[in-house]
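Protein chains in written order, with the UniProt record's numbering: chain A, 1 to 196; chain B, 1 to 196; chain C, 1 to 196; chain D, 1 to 196.
Structure record follows, encoded as structure tokens.
Number of protein chains: 4
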Amino acid sequence: MNKDKPKYKQIIDAAVVVIAENGYHSSQVSKIAKKAGVADGTIYLYFKNKEDILVSLFQDKMGQFIERIEHETTSKQSAEEKLFTLVETHFQQLAADHHLAIVTQLELRQSNKELRYKINNVLKGYLAVIDNIVDEGIREKLFRDHLNRRLVRQLIFGMMDEAVTNWVMKEQRYNLEEQARDVHSLMVYGLAQPRS
Amino acid sequence: MNKDKPKYKQIIDAAVVVIAENGYHSSQVSKIAKKAGVADGTIYLYFKNKEDILVSLFQDKMGQFIERIEHETTSKQSAEEKLFTLVETHFQQLAADHHLAIVTQLELRQSNKELRYKINNVLKGYLAVIDNIVDEGIREKLFRDHLNRRLVRQLIFGMMDEAVTNWVMKEQRYNLEEQARDVHSLMVYGLAQPRS
Amino acid sequence: MNKDKPKYKQIIDAAVVVIAENGYHSSQVSKIAKKAGVADGTIYLYFKNKEDILVSLFQDKMGQFIERIEHETTSKQSAEEKLFTLVETHFQQLAADHHLAIVTQLELRQSNKELRYKINNVLKGYLAVIDNIVDEGIREKLFRDHLNRRLVRQLIFGMMDEAVTNWVMKEQRYNLEEQARDVHSLMVYGLAQPRS
Amino acid sequence: MNKDKPKYKQIIDAAVVVIAENGYHSSQVSKIAKKAGVADGTIYLYFKNKEDILVSLFQDKMGQFIERIEHETTSKQSAEEKLFTLVETHFQQLAADHHLAIVTQLELRQSNKELRYKINNVLKGYLAVIDNIVDEGIREKLFRDHLNRRLVRQLIFGMMDEAVTNWVMKEQRYNLEEQARDVHSLMVYGLAQPRS
DNA sequence: AATGAATGAGTCTTCATTCAT
DNA sequence: AATGAATGAAGACTCATTCAT
């Protein structure tokens with residue numbers, strides 16, 4: 001399988017750096033090849049075409065991303081803790097890899113609609129993880145039980161995504177991970193004053 | 001001022017339709033000119049370049065969009081009501097103009113980073129409106145007072161934006177406006193079971 | 001109509017010279033544009049793509065070629081004379097335009113099968129002209145009446161074509177037109193000794 | 001000598017099939033190697049380069065082709081009979097090997113000029129065979145003695161070649177061998193009505 | 001002798017923008 | 001003000017050939 005060969009990883013990693021540094025539209029295949037230390041043609045031994053590099057990049061990185069989140073959350077007891085860990089791990093991972101953050105939050109969104117649909121498919125795996133936590137919270141009677149779950153998971157994702165995108169657009173000048181607590185709090189308790 | 005001349009509006013409106021129907025990358029200047037009923041060169045009498053059409057389009061449409069939301073919210077009494085009206089009007093307006101929804105949620109995001117920064121500047125006006133409502137809610141002691149307001153407005157926007165984007169990507173097959181109540185509820189009360 | 005604009009002709013004529021001098025596979029669009037004195041992009045205002053230049057070139061030149069032959073032959077009385085005039089005019093025209101001869105006999109044949117089918121369609125008009133002469137000869141009882149006419153026209157064309165191709169491959173070092181009499185004689189009387 | 005090794009023949013035969021089935025321009029070295037059951041690199045142990053495969057293919061197949069024709073014709077008595085046998089055997093052989101017919105009549109002609117000159121050299125052997133028959137006919141006083149023999153052999157070849165090419169382009173939907181008699185007749189007696 | 005992974009040169013076409021009319 | 005013909009820069013991908021094993 002091509003995916004286990006070292007050049008596959010080399011090219012993916014080169015693509016992340018090149019796209020983060022040059023922007024999506026200035027990331028020619030030849031530039032990626034050069035950064036990866038291979039010939040242009042070699043790219044095409046491992047990827048069908050340029051779009052395939054990007055889809056693979058996203059699948060690869062997001063696969064690990066989601067796996068890590070799944071792993072961290074399962075060790076937690078309550079749905080509330082799990083949700084916090086999800087937000088925290090989401091922020092942590094992107095804060096730890098600035099290049100990847102730029103690529104996922106800004107550059108990859110400039111791709112055409114078709115590619116974005118493929119990306120969305122990868123994200124379905126993530127939405128499923130969120131779903132499970134919400135379900136658990138409802139079973140625990142921690143969360144309200146008449147929630148529109150399809151909508152809830154969108155909103156949870158939307159909140160985190162917007163928070164990260166803002167942080168990237170502000171050139172990562174503040175600490176993203178510190179926001180995890182507030183974001184989590186908003187998710188769970190909303191804006192309202194606790195009713196006593 | 002060019003902006004008041006009829007052709008300016010003609011071109012902007014043509015651009016919305018052309019981009020919604022053909023996608024960002026298949027919306028050549030010549031196609032927009034044709035739809036607008038003017039010569040290619042005429043475009044450049046009203047806009048500096050292609051990007052300027054898109055920025056102007058966004059400013060124009062978003063200006064009206066925000067104005068309408070401001071107008072609707074000011075007539076409401078409480079911050080809670082205002083927030084609901086904001087979500088409702090946000091959803092209403094995009095549901096009423098499918099072309100515009102496609103353009104703002106999907107197509108314009110494929111533009112380059114530079115254009116997206118300009119678009120973000122336009123959105124600052126919207127974020128200010130949200131800010132004011134949150135402030136009011138805090139003053140009314142309806143909302144918690146230790147909220148990170150910069151973050152809160154991002155999350156509010158992120159929730160609505162994600163909800164609309166999903167609706168557009170699902171090809172607008174369900175009723176978006178009906179979700180306003182749930183989204184508002186999530187914003188205000190979060191996921192948690194009301195504590196009695 | 002594009003075909004009447006001066007640049008259309010300019011580009012066609014440039015293509016003939018460039019292809020004759022450089023060979024089919026070394027005739028880049030940019031080379032043709034340069035020789036025609038227009039920008040690369042201008043080519044695409046007049047032709048759909050590179051292949052379209054070649055098909056149009058062939059249609060244009062062959063159209064004139066055949067027209068000229070038709071014109072010359074109609075003024076002759078007998079089928080025998082007409083056939084001679086056909087061969088003579090065929091040879092004359094190609095001998096008068098060395099570039100065109102190289103292109104039609106050698107270079108255009110390197111095109112892909114698809115293009116060659118299109119070229120063959122153009123040649124059908126020529127075969128029809130030959131057909132008419134053969135028919136007339138048969139009616140005049142000059143030619144045998146049990147001839148397979150579809151085959152006969154192929155053979156007549158094949159003889160001329162091979163003669164011209166040989167002349168081009170021998171770098172046009174001998175006089176092609178002088179061969180018209182012998183070729184005509186072979187067509188009409190064959191190899192055999194006249195029986196007395 | 002490489003030519004006697006089994007892989008040499010394997011590669012040549014694979015090339016004929018691959019080119020006939022895929023066309024000249026879709027017949028990559030790797031495709032030929034795969035069909036021949038050898039590695040890409042192995043091709044270069046037996047052939048200098050891709051062109052050398054094609055030239056060798058032509059030499060090989062045409063060598064046998066011409067040999068067979070020589071063999072069949074020598075057993076005939078008169079030049080007229082020999083010429084008929086030549087046409088008949090020419091048609092027979094190509095009708096018997098459709099792949100080869102496609103390759104020689106259509107696909108190999110798409111090769112570049114250089115390759116076609118080499119192919120022409122191979123054909124000189126064939127032209128010599130034709131020459132001999134014409135000479136014999138003249139000596140027998142069967143054929144006219146003031147014929148331009150260089151031209152005559154071209155025309156004889158041109159007639160057969162055009163007949164076969166047409167048959168291939170018509171997708172071999174009629175019987176080629178049946179045309180041998182008519183073609184021969186045209187060669188020997190021409191179009192003219194026998195003079196009594 | 002045989003392999004096959006790696007190489008890297010080479011080109012058609014699109015489309016935002018200009019400018020003579 | 002309006003036109004639209006003309007411009008020309010820019011990049012993904014293929015495939016014949018090599019060479020370390």
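Ideal Cβ placement from N, Cα and C applies to all residues, glycine included.
Burial state of B:Gln64 is exposed, judged by a 10 Å Cβ sphere holding fewer than 16 other Cβ atoms. Within the stretch 27–68 of chain C, complete alpha helix (DSSP H) segments of at least 4 residues are found at 29–36 and 40–46, given in chain order. Only exposed fits C:Lys141, as fewer than 16 other CB atoms lie within 10 angstroms of its CB.
In the assembly as shown, B:Gln28 is an exposed residue. Its beta-carbon has fewer than 16 other beta-carbons within 10 Å. Unbroken beta strand (DSSP E) stretches of 3 residues or longer found wholly inside the stretch 126–184 of chain A: none. B:Asp13 and B:Leu115 have their C-alpha atoms roughly 19 Å apart. Taking a beta-carbon distance threshold of 8 Å, B:Phe157 counts as an interface residue toward chain A. In this structure D:Asp161 is in contact with C:Gly158, their Cβ atoms being roughly 6 Å apart against a cut-off of 8 Å. Counting along the chain, B:Val17 sits inside the alpha helix (DSSP H) bounded by residues Pro6 to Asn22. Chain order gives the chain A residues near B:Asp182 as Asn148 and Leu151, where near means a beta carbon separation below 7 Å.
Within the same chain, Phe91, Leu94, Ala95, Ala163, Val164 and Trp167 come within 8 Å of C:Leu176 by CB-CB distance, once the 5 residues on both sides are set aside.
When C-beta distances to chain B are compared with 7 Å, every residue of the stretch 49–70 of chain A stays at or above that value. Per DSSP, the unbroken alpha helix (DSSP H) holding D:Thr85 starts and ends at Ala79 to Ala96. Not flagged as an interface residue toward chain D: C:Asn132, since no C-beta distance is shorter than 8 Å. With 16 or more neighbouring CB atoms inside 10 Å of its own CB, B:Tyr126 falls in the buried class. Contact note: D:Phe84 does not reach chain C at a C-beta cutoff of 9 Å; the least C-beta distance is about 12 Å. By the C-beta density criterion, A:Leu155 is buried, having at least 16 other C-beta atoms within 10 angstroms. Between C:Ser111 and C:Tyr8 a beta carbon distance of about 20 Å is seen, past the 8 Å cut, so the two are scored as non-contacting. Here B:Val134 is near B:Val152, since their CB atoms are less than 8 Å apart. In terms of CA proximity to B:Glu72, B:Thr89 leads the group B:Asn121, B:Thr89 and B:Lys61. Taking the beta carbon of D:Leu106 as reference, the chain C residues within 8 Å of it are Lys113 and Arg116, listed in sequence order. Contacts with chain D at 8 Å (Cβ-Cβ) include C:Asn166. The beta carbon of A:Val18 lies closer than 8 Å to those of Ser27, Lys31, Ile32 and Lys35 in the same chain, with the five residues before and after it left out. For the pair D:Val55 and D:Leu106, the Cα-to-Cα distance works out to about 15 Å. Interface annotation, B:Gln193: in contact with chain A, CB-CB separation under 8 Å.
Residue environment analysis places B:Leu45 among the exposed positions, since fewer than 16 neighbouring C-beta atoms fall within 10 angstroms of its C-beta. The shortest C-alpha to C-alpha distance from B:Asn2 to any of B:Phe47, B:Gln193 and B:Glu21 is the one to B:Phe47. Beta-bridge partners assigned by DSSP to B:Ala192: A:Phe143. Sequence-distant partners of C:Leu186 (beyond 5 residues in either direction) whose C-beta falls short of 8 Å from its own C-beta, in its chain, are Met159. In this structure, C:Val38 and C:Gln10 form a Cβ contact; the two beta carbons are roughly 7 Å apart against a cut-off of 8 Å.
The C-beta of B:Lys124 comes no closer than 8 Å to any C-beta of chain A. For a Cβ distance threshold of 8 Å, residue set Asn112 and Lys113 of chain C lies close to D:Gly23, ordered along the chain. Apart from sequence neighbours up to five positions away, the residues of its chain that approach D:Lys82 with a beta-carbon distance below 6 Å are Thr73, Lys76 and Ile133, ordered along the chain. Chain D places a beta carbon closer than 8 Å to that of C:Asn120, counting this residue as a contact.
Here A:Lys76 carries a coil assignment [DSSP, helix/strand/coil].
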